[in-house]
């Protein structure tokens, strides 16, 4: 699918570039078609990522180092949205046996979801917490929250409550969590909104190499 979509996109783009300045309606049509092709390309890429076997490239990494990496990426992502990001990081020597790229991808997916449902000017809270033998990466928003009856369905492939959503974003987040022996938990934010927790096991028995 991606190859013919690329050919169609190139053809429409070439057509758009040959239009005369006065052909505004044709130009709008071309741009609409290009936007739809780009949307379909994103959907196709998401399906490919979801269908491909997920094999984490594990590294031993400090929980606080991983959190800071994710926070820096999230700061750049929300800069383009009408939301802000706050972060809470207690210092710890806890270590994870995880793929940093995949964990950051999962966390950014949760933040993207929070940004979509947050009202303009709202703050998204990112926090690192610890519970028993797990680290808990928390994302809280000020949106409408998630009804209890939908919490399990949110992670089903192709189920979405977002307009023009693919229904694969949160499914991929859960796939990444499970590949690390972890899980996703949905709850309520104190004061209203949703709380998503990415829970990953703490590596036991070894210290992080200097």
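Residue numbers (our numbering): 4 to 213.
Even for Gly, the Cβ is constructed at its ideal location relative to N, Cα and C.
From a predicted model like this one, the values you see are computed outputs, not experimental measurements.
Inter-residue spacing [alpha-carbon to alpha-carbon] between residue i and residue j
i: residue 193; j: residue 181; result: 27 angstroms
i: residue 15; j: residue 66; result: 47 angstroms
i: residue 88; j: residue 133; result: 21 angstroms
i: residue 171; j: residue 50; result: 7 angstroms
i: residue 61; j: residue 25; result: 56 angstroms
i: residue 96; j: residue 185; result: 19 angstroms
i: residue 197; j: residue 82; result: 21 angstroms
i: residue 57; j: residue 141; result: 23 angstroms
i: residue 71; j: residue 120; result: 24 angstroms
i: residue 214; j: residue 23; result: Examination of residue 214 is not possible in this model, given that the chain is present from 4 through 213 alone.
i: residue 173; j: residue 155; result: 11 angstroms
i: residue 201; j: residue 160; result: 18 angstroms
i: residue 175; j: residue 102; result: 15 angstroms
i: residue 40; j: residue 12; result: 7 angstroms
i: residue 191; j: residue 80; result: 24 angstroms
i: residue 55; j: residue 27; result: 42 angstroms
i: residue 30; j: residue 138; result: 51 angstroms
9 angstroms Cβ cutoff met for residue i and residue j
i: residue 91; j: residue 125; result: no
i: residue 93; j: residue 136; result: no
i: residue 146; j: residue 122; result: yes
i: residue 8; j: residue 44; result: yes
i: residue 69; j: residue 107; result: yes
i: residue 48; j: residue 5; result: yes
i: residue 114; j: residue 75; result: no
i: residue 179; j: residue 105; result: yes
i: residue 144; j: residue 109; result: no
Bridge-paired residues (DSSP) for residue i
i: residue 89; result: 128
i: residue 144; result: Paired residue(s): none; residue 144 is not in a bridge.
i: residue 115; result: Beta-bridge pairing links residue 115 to no other residue.
Nearest candidate by alpha-carbon position, reference residue i, set the options
i: residue 207; options: 64, 113 and 6; result: 64
i: residue 157; options: 183, 139 and 189; result: 189
i: residue 111; options: 29, 151, 177 and 138; result: 177
Taking only runs that begin and end inside the segment 22-66, name each unbroken beta strand (DSSP E) of 3 or more residues, in chain order. 62-65
For a minimum of 4 consecutive residues, which ranges assigned as the alpha helix (DSSP H) are wholly contained in the segment 147-206? 172-182
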